[in-house]
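Enquirer:
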């Protein structure tokens, strides 16, 4: 009798909240999906259905609650498009590598929405663009005079 009651409750989906707002489980699931990525911070949407993850090396990740688990996605540089909404608390996202995750996301505050959009903007800049910028900013090294260098000593 007890087992039948438990199975009926489990199947009926009485727990409409599911794992929403369970950031501990979200951290564990993301760690399981991407064990080599260190989480810097998380921001949950107002409805608790999605989490945006900022990683240690300015990468970004995304998680969507799928009732009993989270679908985790690592956002590759240049593979996301963000469109602002009339409400400053949210934006619309198009993931080029995972179109099933596309959607409109609203956060509890404008500050959180702005911070997440900045992560995504930073993630949008490709690695090659960053390397080119670093090379341009690095001071030119002084070269040794050509007369002191012999073919045996050239590096």
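Numbering (my numbering), first residue to last: 212 to 366.
Where is the CB? At the ideal position from N, CA and C, for every residue including glycine.
DSSP three-state label for residue 315, please.
Expert: DSSP places residue 315 in strand when its eight states are reduced to three.
Enquirer: Which term fits residue 237, buried or exposed, when burial requires 16 or more other beta carbons within 10 angstroms of its beta carbon?
Expert: Classification for residue 237: buried.
Enquirer: Determine the closest residue to residue 255 out of 330, 333, 324, 331, with distance taken between C-alpha atoms.
Expert: Checking every option, the nearest Cα to that of residue 255 belongs to 324.
Enquirer: Please state the DSSP three-state secondary structure of residue 245.
Expert: Coil.
Enquirer: Assuming the contact rule is C-beta atoms closer than 8 Å, residue 304 and residue 317 should be a hit. Round their C-beta distance to whole Å, please.
Expert: Not quite, the Cβ-Cβ distance comes to about 12 Å (not below 8 Å), so this is no contact.
Enquirer: Unbroken beta strand (DSSP E) runs of length 3 or more, entirely within the region 238–292: which are they?
Expert: As far as the region 238–292 is concerned, its whole beta strand (DSSP E) runs of at least 3 residues are 250–255, 261–266, 271–276, 281–286.
Enquirer: Between which residues of its own chain and residue 281 is the CB-CB distance below 6 Å, once the five residues before and five after are set aside?
Expert: Cβ neighbours of residue 281 beyond the five flanking positions: 237, 240, 274.
Enquirer: How about residue 284 and residue 272: are their beta carbons less than 8 Å apart?
Expert: Yes. Within cutoff.
Enquirer: Below 8 Å on the Cβ atoms is my guess for residue 266 versus residue 243; work out the distance and round it to an integer in Å.
Expert: Incorrect: roughly 15 Å between the Cβ atoms, too far for contact.
Enquirer: Which residues in the same chain as residue 299 place their Cβ atom closer than 6 Å to its Cβ, once the five residues preceding and following it in sequence are excluded?
Expert: Answer for residue 299: 321, listed in chain order.
Enquirer: Which residue's Cα is closest to the Cα of residue 262: 246, 307, 286?
Expert: Among 246, 307, 286, the Cα nearest to that of residue 262 belongs to 286.
Enquirer: For residue 294, name the three-state secondary structure that DSSP assigns.
Expert: DSSP places residue 294 in strand when its eight states are reduced to three.
Enquirer: Is it buried or exposed for residue 227, if we count other Cβ within 10 angstroms and need 16 for buried?
Expert: Low confidence applies here, because residue 227 scores a pLDDT of 48, under 50, leaving its location unreliable and the question unanswered by this model.
Enquirer: Skipping 5 residues on each side, what residues in its chain have a beta carbon closer than 7 Å to that of residue 328?
Expert: Excluding residues within five positions, the ones whose Cβ falls inside 7 Å are 293, 302.
Enquirer: Buried or exposed for residue 331, please, with buried defined as at least 16 other CB atoms from any protein chain shown within 10 angstroms of its CB.
Expert: Buried: at least 16 other Cβ atoms inside 10 Å.
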